[in-house]
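>
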Ligand code: DLL
């Protein structure tokens, strides 16, 4: 049995998990109250002292923390360990504003890499595997996290980073990579490129560990078919450590959250009210084992559902659904809430690939939604009349899903830019903010 399948932790009885969480939460609250003036101030504003927090049942008494707090406290304001004990920083990409930075002690790096190792083992990884890490390295957590996890499992690690697709494919073939780690959009691009080069028979991949961006079940099927693998989801965010906060097991019905390190809550994003398991809302995390950068009740903006249904893999840790989008990804078009993932579901169900772009503009004070999607090379040979018919069918399918009209433009294969990291799907020209 590989070392990073830890049944005594991952399959522990619920009461045991709760006992760990109670004890570690209390310790973490004391730690931040004593070491971080920013937290002390937030807690005092809410009239809470560390003695009010005796366990998970008291979690709701603590204030929420948001990305704005992290920006306000940038760069050192939330660090709870002496700087001389910190050995690493990682950072978010800063696509939604100023970057935020997270700090790690050696102990924090070890725990983070353990979480990634658990994810690799859950995807079938062992020390005999060759793990190709094609997430970006550097400030982004994807590369360093999976790299460390792969080392811990004892797999042969190919630290490719993202980009240079020819070299990726060459190494994949020459070194017999068996597990691929990258964003789902890059996996789809690699699959397409391998297919075009006629190299499908020369790859030995059996599994992929894909995350860092939203992807639909339809996209999973597409990647699995293209690469002949089983595609596993992995979730995480820089603020809470990076990839490995949760990961999929062989059941592929949600991602087990590493509950010995993180407490998850679902809240109503408008009122902040805590919602019961099974209800859809914003995911909130409290990290309970970190030294340098523990966050209490951090609002992720990711919308999902928690489930404690028994899992056939034996793991008892709570599962989160695939994030259905971020509350800040949601587009409001003509007053209707639209998630890019809904559009992706329609496109892939209709036989298109995930090469699409959503363009929102405002004409005569009215929102205009346009979806540009590449036709597949097979469709390219169809007569123009059929293209017009296909566009019409897509308009109807999108209207059925979204409830509003979207203009559809089918474009030639290879005209939409491919992504090597996180894909940019939406171009919003409305200047709303
Ligand atoms: O994306 C960490 C990561 C790296 C996760 C590699 C998985 C694999 P950030 O750049 O801080 O960290 O972005 C975090 O990405 O709040 C989600 O909105 C989104 N995200 C991450 N994983 C998934 C996923 C990394 N599996 C933000 N499905 C999060 C959907 C995801 N969205």
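Residue numbers (our numbering): 22 to 454.
Here a beta-carbon is modelled for each residue, glycine too, at the ideal position from N, C-alpha and C.
On the criterion of 16 or more Cβ atoms from any shown chain inside 10 Å, does residue 210 qualify as buried, or is it exposed?
buried
> Need the endpoints of the beta strand (DSSP E) that residue 180 sits in, please.
That run of the beta strand (DSSP E) goes 177-180.
> DSSP three-state label for residue 345, please.
Look at residue 345 here: in three-state DSSP terms it is coil, with no helix or strand label.
> Can you give the beta carbon distance from residue 98 to residue 130, rounded, assuming they're within the 8 angstroms contact cut?
Between residue 130 and residue 98 the Cβ distance is about 21 angstroms, and since that is not below 8 angstroms, they are no contact.
> Note the first and the last residue of the continuous beta strand (DSSP E) segment covering residue 276.
276-278
> Given a cut-off of 8 angstroms, decide if residue 167 and residue 455 are closer than it, judged by their beta-carbon atoms.
The structure shown has nothing for residue 455, since the chain only spans 22 to 454.
> I want to check one thing, is the minimum distance from the CB of residue 113 to the heavy atoms of the ligand DLL below 7 angstroms?
yes
> In whole angstroms, give me the CA-to-CA distance for residue 155 and residue 253.
C-alpha separation (whole angstroms): 15 angstroms.
> Using a 10 Å radius around the Cβ and a threshold of 16 neighbouring Cβ atoms, would you call residue 282 buried or exposed?
buried
> Can residue 234 be considered in contact with the ligand DLL, in the sense that its beta carbon sits closer than 7 angstroms to one or more heavy atoms?
Yes, Cβ of residue 234 sits closer than 7 angstroms to a heavy atom of the ligand DLL.
> I need the straight-line Cα distance from residue 92 to residue 119, nearest angstrom please.
7 angstroms
> Given this structure, state the Cα-to-Cα distance separating residue 102 from residue 279, to the nearest angstrom.
Their Cα atoms are separated by approximately 23 angstroms.
> At the level of alpha carbons, what is the spacing between residue 35 and residue 330?
Across the structure, residue 35 and residue 330 are spaced so that their CA atoms are roughly 12 angstroms apart.
> Quick check: the Cα distance between residue 332 and residue 27, rounded to an integer number of angstroms?
16 angstroms
> Just checking residue 347 against the ligand DLL - is the residue's beta carbon closer than 7 angstroms to any of the ligand's heavy atoms?
yes
> DSSP on residue 264, reduced to helix/strand/coil?
strand
> Can you round the beta-carbon distance between residue 244 and residue 293 to whole angstroms, since I take them to be within the 8 angstroms contact cut?
Incorrect: roughly 36 angstroms between the Cβ atoms, too far for contact.
> Would the stretch 364-374 count as touching the stretch 342-352 if we require 3 or more Cβ pairs under 8 angstroms?
no
> Pull up the CB-CB distance for residue 234 and residue 214, whole angstroms please, since I reckon it's below 8 angstroms.
Residue 234 to residue 214, Cβ: 19 angstroms. No contact.
> Give me the residue from 239, 186, 83 and 200 with the minimum Cα distance to residue 216.
186
> Of the choices 160, 143, 106 and 141, whose alpha-carbon is the least far from that of residue 122?
160
> Rounded to whole angstroms, what's the CA-CA distance from residue 136 to residue 284? Just pull it up for me.
14 angstroms
> Quick one, are the C-beta atoms of residue 237 and residue 362 less than 8 angstroms apart?
yes
> Roughly how many whole angstroms lie between the Cα atoms of residue 162 and residue 406?
Straight-line Cα distance between these residues: approximately 47 angstroms.
> Run the proximity test for residue 258: is its beta-carbon closer than 7 angstroms to any non-hydrogen atom belonging to the ligand DLL?
yes
> In the structure shown, what three-state DSSP assignment does residue 394 receive?
strand
> With 16 other CB atoms within 10 Å as the buried threshold, where does residue 144 fall?
So residue 144 counts as buried.
> In whole angstroms, give me the CA-to-CA distance for residue 311 and residue 189.
34 angstroms
> So is the beta-carbon of residue 298 under 7 angstroms away from any non-hydrogen atom of the ligand DLL?
no
> Which stretch, first to last residue, makes up the alpha helix (DSSP H) that contains residue 362?
361-370
> Relative to the ligand DLL, is the shortest distance from any of its heavy atoms to the C-beta of residue 321 smaller than 7 angstroms?
A distance criterion of 7 angstroms places the beta-carbon of residue 321 in contact range of the ligand DLL, judged by its closest non-hydrogen atom.
> The beta strand (DSSP E) spanning residue 152 covers which residue range?
151-154
> Using only the alpha-carbon positions, how far apart do residue 151 and residue 208 sit?
17 angstroms
> Tell me whether the beta-carbon of residue 194 lies closer than 8 angstroms to the beta-carbon of residue 223.
In this structure, residue 223 lies closer than 8 angstroms to residue 194 by Cβ.
> Can you confirm whether the stretch 418-434 touches the stretch 195-202 when touching is taken to mean that 3 or more C-beta pairs between the two stretches lie within less than 8 angstroms?
no
> Short of 7 angstroms in beta carbon distance, which residues of its chain neighbour residue 393, apart from the five on each side in sequence? Order them along the chain.
377, 378, 380, 430, 432 and 437
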